[in-house]
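Written out below as structure tokens is the structure these notes cover.
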Amino acid sequence: MHLIGRLLSLALLLPALPAMAQTGTASPGFNYFHRAGATLEVHEADIRFCEGEARKTVAQYVEAGHYDKPRPGLFNTALLNAVQLQFDRNQVQANIETCMLIRGWSVVRPPAADEQSLLGAHQASLVSYLSARVGAATPQGAEIRRYDPTLAIVYTMPGYASKPQESLSYRAVFGTEPPVFALPKAAEWPEEWQFLNRVKAPAALGPATTLLIVRTHGTRPGQQINLRFMRIEERASDSPALQVFQASSPTKMFWKAGTPMQDIYVFEVPPGRWLLLGDTISTFCLGAPGFEVKAGEAVFAGTFSSEVVGDLQPKMAVEPAAAALPPALAGRLRAAEWRNGYAFDCGSPPATLLRAFEVTGATSK
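With positions in the sequence shown counted from 1, the corresponding number in the working numbering is that position plus 1464.
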């Protein structure tokens, strides 16, 4: 996602870094990842996997490794290219950390004396230090972050620190020299993907039309959520491989705070498995909730509210949505049966932040 777009999207959402939530920043300190019983080999394999997924989130307009080349548009300056490179480096580190947390690791900060001595140590020394710590029965240091799927997502900027926020674990795997990032271009949306538009006249739909309905709600002007849904299935001969649509919470100019607004989205969809793909800047590629839609059904995905930043839990009562739909369609409505734990390629579609999200109370796939 373009730097300027990220700034505009996130400028109002900068709370202090919580210890246990998913955020857009790496934890402060020269930290390592810990999981009781893990080996150095497993630690390295997970770091390399997460680094590969995290690199897919870098700026789409940057040619692979060429941050020194001019860019099109108004902000065509060497300085902005340098800032973008630093942002991307820190974004990669933040996404590596999120990925490791979701894979069961916690972030541990070594004791102060150890941390200072390790900052300038060679790679072999870092590996030696971690050999007795990454899989220890208890963390040796201060555990400062772990994954908790019940917490709301918090949106913070990856940051512009002059030195990349590299962890001890990262340096132990990839070396102690600051990396010369030849960051790859993020994957574009596949050409065969089909973007679905909402149905403008639900009353005209036939009784056997396969439908997916989303209700959004809000009472806070200026605070909007944008949710993306995706069908992920085997390729079908009569339709594109994937279909995507977006549902946004309501907003309008001169909206008075406290005045409730709602929007009902009706989409005609192919049957199959539908996932909550992500929000405005995030992809839930590391673990997304989803549900099945069978041919001829009208499935209600839930009510999503913009009341609490980062709280995307759907409310599954169908009555509020049914009351706003034509009677024939309202009578067909059934609540989606969510299941957690669907993963997909983090580079397609591209996004800024890697996430996982779980619907509370849903079973795992």
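We put the CB at the ideal spot given by N, CA and C, even for glycine.
Here the structure is a predicted model, which means the values were calculated and not measured.
Please state the DSSP three-state secondary structure of D1743. Locating residue 1743 in the sequence shown gives position 279, counting from the first residue. Correct three-state label for D1743: coil.
Rank N1661, L1504 and T1747 by C-alpha distance to the C-alpha of S1812 and give the top, closest one. Residue numbering aside, residue 1812 sits at position 348 when the sequence shown is read from its first letter. Among N1661, L1504 and T1747, the Cα nearest to that of S1812 is on T1747.
Bridge partners of D1727, per DSSP? What you label residue 1727 is simply residue 263 of the sequence shown in a count that begins at 1. Its beta-bridge partners are T1680.
Go through its chain and collect everything with a Cβ distance to S1592's Cβ below 6 angstroms, but skip five positions before and after it. Start at 1 with the first residue of the sequence shown, and residue 1592 comes out as number 128. Contacts found: none.
Does the distance from the C-beta atom of A1502 to that of V1598 stay below 7 angstroms? Residue mapping note: residue 1502 aligns to position 38 of the sequence shown, counting from 1. Residue mapping note: residue 1598 aligns to position 134 of the sequence shown, counting from 1. Yes, they are a contact pair.
Would you call L1691 buried or exposed, if buried means 16 or more other Cβ atoms sit within 10 Å of its Cβ? Working through the sequence shown from its first residue, we reach residue 1691 at position 227. Classification for L1691: buried.
How long is the line joining the alpha carbons of R1635 and Q1587, rounded to whole angstroms? The residue you call residue 1635 lines up with position 171 of the sequence shown. The residue you call residue 1587 lines up with position 123 of the sequence shown. If you take the alpha carbons of R1635 and Q1587, they lie about 7 angstroms apart.
How is V1618 classed by DSSP in three states: helix, strand or coil? Here the question's residue 1618 lines up with position 154 in the sequence shown. Note: V1618 maps to coil in three-state DSSP.
Using alpha carbons as the reference points, say which of A1711, Q1629, R1684 and F1638 lies closest to V1663. Sequence index remark: in the sequence shown, residue 1663 carries index 199 (1-based). When each option's Cα is compared against that of V1663, the closest is A1711.
According to DSSP, is F1513 helix, strand or coil? By one-based count along the sequence shown, residue 1513 stands at place 49. The answer is helix: DSSP assigns F1513 an H, G or I state.
Does A1762 come out as helix, strand or coil in the three-state DSSP assignment? Numbered from 1 along the sequence shown, position 298 holds the residue referred to as residue 1762. If DSSP states are grouped into helix, strand and coil, A1762 belongs with the strands.
My output table needs one value for R1803: the three-state DSSP class, helix, strand or coil. Counted from its first residue, the sequence shown places residue 1803 at position 339. Here R1803 sits in strand by DSSP.
According to DSSP, is K1779 helix, strand or coil? Locating residue 1779 in the sequence shown gives position 315, counting from the first residue. The answer is strand: DSSP assigns K1779 an E or B state.
Which residues mark the beginning and the end of the beta strand (DSSP E) in which S1589 is found? As a working mapping, residue 1589 is identified with position 125 in the sequence shown. Unbroken run through S1589 is the alpha helix (DSSP H), Q1587 to S1595; no beta strand (DSSP E).
For the beta strand (DSSP E) that Y1496 lies in, which residues bound it at each end? Here the question's residue 1496 lines up with position 32 in the sequence shown. Here the beta strand (DSSP E) through Y1496 covers Y1496 to H1498.
Kindly indicate which three-state DSSP category N1690 falls into: helix, strand or coil? Within the sequence shown, numbered from 1, the residue matching residue 1690 stands at position 226. Note: N1690 maps to strand in three-state DSSP.
Between G1751 and A1807, which are expected to be in contact by the criterion C-beta below 8 angstroms, what is the C-beta distance as a whole number of angstroms? Position 287 of the sequence shown holds residue 1751. Position 343 of the sequence shown holds residue 1807. The Cβ separation is near 6 angstroms, so the contact holds.
Where does R1519 fall in DSSP's three states? As a working note, residue 1519 is residue 55 in the sequence shown. Three-state result, R1519: helix.
Considering F1808, what are the terminal residues of the beta strand (DSSP E) in which it resides? Here residue 1808 refers to the residue found at position 344 of the sequence shown. Segment: none, F1808 is in no beta strand (DSSP E) and carries neither H nor E.
Which partner residues of S1828 appear in the DSSP bridge assignment? By 1-based counting over the sequence shown, the position of residue 1828 is 364. According to DSSP, which records beta bridges pairwise, S1828 is partnered with N1804.
Segment contact, 8 angstroms Cβ cut-off, at least three pairs: the stretch 1658-1674 with the stretch 1609-1619: no
Indicate whether P1778 and G1766 have their beta-carbon atoms separated by less than 7 angstroms. Counting from 1 along the sequence shown, the entry for residue 1778 is found at position 314. Counting from 1 along the sequence shown, the entry for residue 1766 is found at position 302. Cβ distance < 7 angstroms, so P1778 and G1766 count as in contact.
Looking at the secondary structure, which residues open and close the beta strand (DSSP E) in which F1755 lies? The residue you call residue 1755 lines up with position 291 of the sequence shown. Segment A1752 to V1757, the beta strand (DSSP E) holding F1755.
Give the DSSP-derived three-state secondary structure of Q1658 in the structure shown. As a first step, residue 1658 must be located in the sequence shown, where it is residue number 194. Strand.
Taking Cβ to Cβ, would you say L1676 is nearer than 7 angstroms to F1731? Taking the first residue of the sequence shown as position 1, residue 1676 is located at position 212. Taking the first residue of the sequence shown as position 1, residue 1731 is located at position 267. Cβ atoms of L1676 and F1731: closer than 7 angstroms.
Exposure of G1568, with buried meaning 16 or more beta-carbon neighbours within 10 Å: Residue numbering aside, residue 1568 sits at position 104 when the sequence shown is read from its first letter. Its Cβ having fewer than 16 others within 10 Å, G1568 is exposed.
Could you please give me the residues that DSSP links to Q1707 through a beta bridge? Start at 1 with the first residue of the sequence shown, and residue 1707 comes out as number 243. DSSP lists Q1658 and R1695 as partners of Q1707.
Go ahead and label T1827 buried or exposed: buried means 16 or more other beta carbons lie within 10 angstroms of its beta carbon, across all protein chains shown. Numbered from its first residue, the sequence shown carries residue 1827 at position 363. Result: exposed.
Please report the Cβ distance between F1659 and V1708, rounded to the nearest whole angstrom; I am assuming they are in contact, meaning their Cβ atoms lie under 8 angstroms. As a working note, residue 1659 is residue 195 in the sequence shown. As a working note, residue 1708 is residue 244 in the sequence shown. About 6 angstroms; that satisfies the 8 angstroms criterion.
In angstroms, rounded to a whole number, what distance separates the CA positions of L1632 and G1805? One-based indexing of the sequence shown puts residue 1632 at position 168. One-based indexing of the sequence shown puts residue 1805 at position 341. Looking at the two C-alpha atoms, the distance is approximately 29 angstroms.
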